[in-house]
Amino acid sequence: MNVTIIYASESGNAEMCANSISDVLRDEFHPQVVDISDMTVDQLRLYDTSLFVCASYGEGDVPNSALAFFDEISGGGVDLAGVRFAMFGLGDTFYDTYNRGADRLAEQLRACGALQFGEHARHDASSGEPPEEMAEEWAVAVAAQISAEIQGVA
Amino acid sequence: MNEDTEPSLTVAVVGSGASGCYLAQSLVQKIRDIDITIIERLPTPYGLIRYGVAPDHQGTKTPVRQFEKMFQNGSVRFLGNIEVGRDLSLDELREMFDVVVLATGMTGDRRLAVPGHDLRRVYGAGQVTRWLNEHPDAVDFEPHFGEQVAIVGNGNVAIDILRLLIKKSDSYDRTDFAHDIRKTIEQQGITQITIVGRSRAADAKFHSHMIRELAGFDHVRYETDPAALVGDTDIAAASVKLEALRELGVPPLGTESVTVRFLFGWVPECVHGVDSVEFVDFVAADGSGCRLRVDADSVVTAIGFEERDGATLRRSEFEDTTSDLAQGFLGAGLFCVGWFRNGPQGGIPEARKDAKMVATSIEKMVIDGMVSTGRAGFDALPISILAKGTNYHGWSLIDRHETGAADGGLVRRKIRDLETLIQVARSEVPPESRS
């Protein structure tokens, strides 16, 4: 099972969460951790499962580092059938566009035929909850779902 | 890092704000067995994240968690209470460390270049922000805002100050905005704030969400000339700004005690007053010759930052023909990052981006053999520096003290006095002798 963790970070919080998720999954799945600015659609298709960690920026946009990838999947004619992904979003309820960046990324991936599984998590910076702790808990649940998927196939 | 291994590279980062911390974080990821010490003038790290980000914007401070990890896991060392340029010279530092990176930011307030700019009760936004955030340097600052305040400039820094001057006292739960500072502001009885920017509303420097945050204060009446709110609606960013301003102008409820006027397209011409400011004359930015007078008991200038008077480290002193500022390179083993490198623009994400760029630059120069190595780094520091310096454990004692002392819904009560900060930092012997 090829697993990748793709982070779209502005302040490094999403990157930190991606590393925490990787720590949880490492022994079982040896995931690759990749900055979304280094990710293309062709590369995405190489993975069985992709875990996205995406922050919101500006007016509920995806982070700058995600723009090239986001443009690629928004361009039309992109087929992501067979791609399974889960989404961990970071935002701040302080803003009325709370978590909109991660929501938009998930919407666009689904619009291309990718299958979203697991809980679409939404961390709130204003909650005071450490984001990487929430990410770790989410990672444990996602790991169980990936394992179940493998067993289902076997 | 394995303490028995010789470090591959010794690095001193001067300044522990966002750019310095992100730079250290990035270098640790890139270079094995690197030994990094972040040197900070204060016993507390994090620069503007602690002292610049508004106290009611706690969510914006979350990147601190990333830096806590790197200090706690020992991959980066914190040396506080040491000022490069005073406690030891930059030349001495460069002899001890293979690489020195200047990340000291920019803390001087740009002054109005008009007559009267130095009248009493004309305050710089940086100075006011440090006071609001309880910076040790602001301990003797006693602003008198009076009833009528004029704010010159309308970037995010200006809007933060505006908001903190008008927001009601009981809405500071889950912030670290000190009770007594709030009381001081309330007691001054501000009834009018005029905030003046030189550009059109559509081009104003504030982010639209900062304006939206001002909505819903029932005791505040907002006034913006409707003519100012006409603008290009085909540019999304401009359109969103105008929309945010328009939505502030709801009909008055009659419960208002403060009026906030937004003025656009005016440039200050002269600050008038006998001893302290009494009014400010503006001239139209469009060259039409129109003039406007704003009565003011105080002026806050929020027109940007520059190198502080008396700053011991000035970038221009290190630049020569070999420098490559675009890569953060100043001279042999000397680099710069963040506002010190690039000017006082950009917030936390920009600091991270700049830090990654300069870290890549350093990495490349090391790989290319352009950086001489083998200096002892932290181990070369004289005993006098180690005796004066505080460490990360000392900061964690301050942190614990401040969060423990928080009362009435606050998340933290900052220690304001420098000597007390130092005392608390020293008040325990840490479990291991190195930070």
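Chains as they are written, first to last, in the working numbering: chain G, 1 to 154; chain E, 155 to 589. No residue lacks a Cβ here, since even glycine has one placed at the ideal position from N, Cα and C.
Worksheet item: Is the CB-CB distance between E:Val-565 and E:Arg-336 below 8 Å?
Response: no
Worksheet item: In chain G, what lies closer than 7 Å to E:Gly-213 by C-beta?
Response: Simply Asp-92, Phe-94, Ala-125, Ser-126.
Worksheet item: Would a C-beta distance cut-off of 8 Å place E:Asp-291 and E:Ala-279 closer than the cut-off?
Response: no
Practice prompt. Figure out for me which residue from G:Ala-144, G:Ala-135, G:Ile-146 has the closest Cα to the Cα of G:Asp-23.
Written response: When each option's Cα is compared against that of G:Asp-23, the closest is G:Ala-135.
Practice prompt. Please name the residue or residues paired with E:Thr-422 in a DSSP beta bridge.
Written response: Sequence inspection shows Pro at residue 422 of chain E; the Thr mentioned does not correspond to that position. For E:Pro-422, the beta-bridge partners assigned by DSSP are E:Phe-436.
Worksheet item: Which whole-angstrom value describes the C-beta separation of E:Val-230 and E:Val-306, a residue pair presumed to lie in contact below a C-beta threshold of 8 Å?
Response: Not a contact, Cβ separation roughly 40 Å.
Worksheet entry | Beta carbon proximity, G:Glu-107 to chain E, threshold 8 Å | no
Fill in: For E:Cys-593: DSSP bridge partner residues
The question about residue 593 of chain E has no answer here: the residues shown for chain E are numbered 155 through 589.
Worksheet item: In this structure, does DSSP put E:Val-431 in helix, strand or coil?
Response: coil
Worksheet item: Under 8 Å between the Cβ atoms of E:Ser-430 and E:Arg-567?
Response: no
Worksheet item: From what residue to what residue does the alpha helix (DSSP H) around G:Asp-23 run?
Response: Unbroken alpha helix (DSSP H) run through G:Asp-23: 13-29.
Discussion item. By the 8 Å beta-carbon criterion, what residues does the segment 492-506 of chain E contribute toward chain G?
Written reply: Ile-502, Pro-503, Arg-506
Worksheet entry | Delimiting residues of the alpha helix (DSSP H) encompassing G:Ser-50 | Looking at the DSSP string, G:Ser-50 is not in any alpha helix (DSSP H); the run it does join, the beta strand (DSSP E), is 49-55.
Item to complete: Starting from G:Gly-12, find everything on chain E with Cβ-Cβ shorter than 8 Å and list it in chain order.
Response: Tyr-176, Gln-179, Pro-217, Gln-220, Arg-506
Fill in: Expected contact under 8 Å - CB spacing of E:Glu-401 and E:Ala-369 to nearest Å
6 Å
Fill in: Member of E:Phe-459, E:His-373, E:Thr-159, E:Lys-507 whose CA lies at the smallest distance from the CA of E:Asp-324
E:His-373
Worksheet item: Roughly how many angstroms lie between the CA atoms of E:Arg-588 and E:Phe-232, to the nearest whole one?
Response: Interpretation of E:Arg-588 is limited by its pLDDT of 46, a score under 50 that renders its predicted location unreliable; no figure is taken from the coordinates.
Worksheet item: Could you give the uninterrupted runs of the alpha helix (DSSP H) lying entirely in the segment 313-367 of chain E, keeping only those of 4 residues or more?
Response: 333-342, 362-366
Worksheet item: How long is the line joining the alpha carbons of E:Glu-287 and E:Asp-314, rounded to whole angstroms?
Response: According to the sequence shown, residue 287 of chain E is Asn rather than Glu. Cα to Cα, the separation comes out at about 12 Å.
Discussion item. Please state whether the Cβ-Cβ distance between G:Cys-155 and G:Val-78 is less than 8 Å.
Written reply: Nothing can be reported for residue 155 of chain G, as the shown portion of chain G is limited to 1 through 154.
Practice prompt. Determine whether the Cβ of G:Glu-59 lies closer than 8 Å to any Cβ atom of chain B.
Written response: The question asks about chain B, but that chain is absent: this structure's protein chains are G and E.
Worksheet entry | Continuous alpha helix (DSSP H) stretch holding E:Ala-509: start and end | 502-521
Item to complete: Check the Cβ-Cβ distances between G:Met-39 and every residue of chain E, and say whether any is below 8 Å.
Response: no
Discussion item. Against chain G, does E:His-271 count as a neighbour if the rule is that its beta carbon must be under 8 Å from one of theirs?
Written reply: no
Worksheet item: Are three or more beta carbon pairs between the segment 494-503 of chain E and the segment 529-548 of chain E nearer than 8 Å?
Response: no
Worksheet item: Can you list, in chain order, the stretches of the alpha helix (DSSP H) that have 4 or more residues and sit fully within the segment 155-208 of chain E?
Response: 172-184, 201-205
Worksheet item: For E:Leu-540, does the three-state DSSP call read helix, strand or coil?
Response: Of the three classes helix, strand and coil, the one that applies to E:Leu-540 here is helix, per DSSP.
Worksheet item: E:Trp-420 and E:Ala-392: beta carbons closer than 8 Å?
Response: no
Discussion item. What ranges does the alpha helix (DSSP H) occupy inside the segment 222-286 of chain E, keeping only unbroken runs of at least 4 residues that lie completely in it?
Written reply: 244-250, 279-286
Worksheet item: Would G:Met-134 count as contacting chain E if we go by Cβ distances under 8 Å?
Response: no
Worksheet entry | Neighbouring residues, chain G, relative to E:His-298 (Cβ below 7 Å) | By Cβ distance, chain G contributes nothing, its closest Cβ being about 31 Å from E:His-298, past 7 Å.
Item to complete: Check each candidate in E:Ala-390, E:Ile-349, E:His-363, E:Met-364 and name the one with the smallest Cα separation from E:Thr-378.
Response: E:Ile-349
Worksheet item: Since G:Pro-131 meets chain E, which of its residues come closer than 9 Å, beta carbon to beta carbon?
Response: Thr-216, Arg-219
Discussion item. Per DSSP, what are the beta-bridge partners of G:His-123 in this structure?
Written reply: Paired residues: G:Leu-90.
Practice prompt. Label E:His-269 either buried or exposed according to how many other C-beta atoms from any shown protein chain fall within 10 Å of its C-beta, with 16 as the threshold for buried.
Written response: Before going further, note that residue 269 of chain E is Pro rather than His in the sequence given. Flag for E:Pro-269 reads exposed.
Worksheet item: How about G:Met-87: is its C-beta nearer than 8 Å to some C-beta of chain E?
Response: no
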